[in-house]
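*Asks:*
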């Protein structure tokens, strides 16, 4: 399935806060991934 670039704006990209709050490798990965998503969204606007 192809996702058109415009539709990215409609998708609210969020990492589950339960993962982000974990104090281990999972939490680190979740925070890093969320940061990546945030920077992608900033580039789009």
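Numbering (this note's numbering), first residue to last: 425 to 469.
Even glycine gets a Cβ: it sits at the ideal position worked out from N, Cα and C.
Can the beta-carbon of residue 455 be found closer than 8 Å to that of residue 464?
*Replies:* The answer is no: Cβ separation not under 8 Å.
*Asks:* Give the straight-line distance between the Cα atoms of residue 458 and residue 469, rounded to the nearest whole angstrom.
*Replies:* Their Cα atoms are separated by approximately 17 Å.
*Asks:* Using the three-state DSSP reduction, which class does residue 445 fall into: helix, strand or coil?
*Replies:* DSSP places residue 445 in coil when its eight states are reduced to three.
*Asks:* Using the C-alpha atoms, what's the distance from residue 462 back to residue 440?
*Replies:* Taking the straight line joining both Cα atoms gives about 14 Å.
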